[in-house]
Amino acid sequence: MEKRVTVVDGVLVAALLAGVVMLLGRIGPGLGAVVLASGAFVGLALHGVWRERSPLAVALCLGLLLCWLGDVLGYKGYFELSAGAFLVGHLVFSCGFLARGGDRRRLLLGTWPVALATGLVAAWLMPHVGPELRFLVVAYMVIISLLVIAACGSRLPNAWLLILAAVLFYVSDIAVARGKFVVPGSDQRFFCYPLYYGACLLLALAPRWCREEKP
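In the numbering used here, the protein residues as written are 74 to 288.
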């Protein structure tokens with residue numbers, strides 16, 4: 074059987090973990106740590122495209138490239154542009170999750186708890202959001218909710234990995250929103266970074282596991 078995780082993957086995972094440790098410990102230049110950690114998951118995704126050559130691999134790679142862009146823009150203080158990059162990235166992820174179509178029953182089952190959770194988050198968050206950012210925040214909440222729902226309805230093998238990644242992304246974004254709007258300036262790194270980079274790592278490796286075996 075073809076190996077699904079190679080030495081190259083191991084090196085890139087180690088680089089991602091090193092970048093996360095740097096971010097958590099505030100070791101060295103912050104932008105360098107972001108570029109290292111986020112560049113590592115992009116490298117994993119590119120390696121996945123080269124090996125798998127599947128619609129899922131291409132979609133996840135493009136989405137992770139947009140996440141890398143969002144990370145860099147966010148670190149430099151361009152919040153709206155960063156959020157826009159992530160928003161488009163989530164749409165691309167959702168298309169990848171549904172590359173083989175969606176299971177209607179699981180889509181419906183996923184919609185209700187996600188809609189309830191997002192409604193509660195909106196009731197908690199929106200009073201803290203200024204009018205100039207409300208449209209962007211609402212759009213982002215809708216798109217990240219669709220990401221989780223699309224993962225729930227995916228027909229791909231081992232789709233539970235996609236669901237886990239989407240949920241980690243969803244929760245990490247709640248932490249980002251708390252630090253941005255609810256408690257401005259609060260330190261969210263020990264909660265946000267492990268969840269976010271864990272989600273991106275799962276998405277970068279997903280094409281190895283969420284594919285049908287070749288005969």
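Backbone N, C-alpha and C fix where the C-beta goes; we use that ideal spot for every residue, glycine too.
Tell me the rounded alpha-carbon separation between residue i and residue j.
i       : j       : result
Leu-220 : Phe-242 : 9 Å
Leu-89  : Trp-197 : 33 Å
Pro-102 : Leu-146 : 15 Å
Arg-126 : Ser-259 : 42 Å
Gly-121 : Ala-277 : 7 Å
Val-80  : Tyr-148 : 30 Å
Ala-212 : Lys-253 : 16 Å
Asp-144 : Val-107 : 7 Å
Val-261 : Leu-85  : It is worth fixing the name first, because residue 261 is Gln in this sequence and not Val. Going from the Cα of Gln-261 to the Cα of Leu-85 covers about 25 Å.
Ile-236 : Glu-205 : 32 Å
Cys-283 : Met-199 : 36 Å
Arg-281 : Gly-203 : 42 Å
Pro-257 : Val-165 : 30 Å
Ile-100 : Ser-111 : 16 Å
Cys-225 : Ala-190 : 15 Å
Val-194 : Arg-179 : 23 Å
Residue i and residue j look like a contact to me (Cβ under 8 Å); what is the Cβ gap, rounded to whole Å?
i       : j       : result
Gly-162 : Leu-129 : Contact doesn't hold; Cβ gap of about 15 Å is too wide.
Leu-275 : Leu-234 : 6 Å
Ala-91  : Leu-109 : 7 Å
So residue i is in the alpha helix (DSSP H); what residue range does that whole segment cover?
i       : result
Gly-203 : Run containing Gly-203: none; DSSP gives neither H nor E here.
Gly-105 : 103-125
Asp-246 : 232-250
Tyr-151 : Where Tyr-151 is concerned, there is no enclosing alpha helix (DSSP H), given that its DSSP letter is neither H nor E.
Apart from the five residues on each side of it in sequence, which residues of its chain come closer than 7 Å, Cβ to Cβ, to residue i?
i       : result
Pro-288 : Residue placement at Pro-288 cannot be trusted, given a pLDDT of 42 that sits under 50; what the coordinates show is reported in the next sentence. Excluding sequence neighbours, Pro-288 sits near nothing in its chain.
Val-115 : Leu-137, Leu-138, Trp-141
Cys-273 : Phe-114, Leu-137, Cys-140
Gly-83  : none
Spatial neighbours of residue i within its chain, please: C-beta separation below 6 Å, excluding the five flanking residues on both sides.
i       : result
Ser-167 : Leu-219, Leu-220, Ala-223
Ala-113 : Leu-85, Ala-88, Leu-89
Does the CB of residue i have a neighbour CB from chain B at under 9 Å?
i       : result
Phe-263 : The chain inventory of the structure shown lacks chain B, comprising one protein chain alone.
The stretch 92-107 in contact with the stretch 256-270 per 3-pair CB rule at 8 Å: Taking a cut-off of 8 Å for Cβ pairs, the stretch 92-107 and the stretch 256-270 touch, as three or more such pairs fall below it.
Inter-stretch contact at 8 Å, needing at least 3 Cβ pairs: the stretch 121-137 / the stretch 182-198: Put simply, the stretch 121-137 does not touch the stretch 182-198. Fewer than three CB pairs are less than 8 Å apart.
Sufficient close CB pairs (3 or more, under 8 Å) joining the stretch 149-159 to the stretch 173-182: Segments in contact, no.
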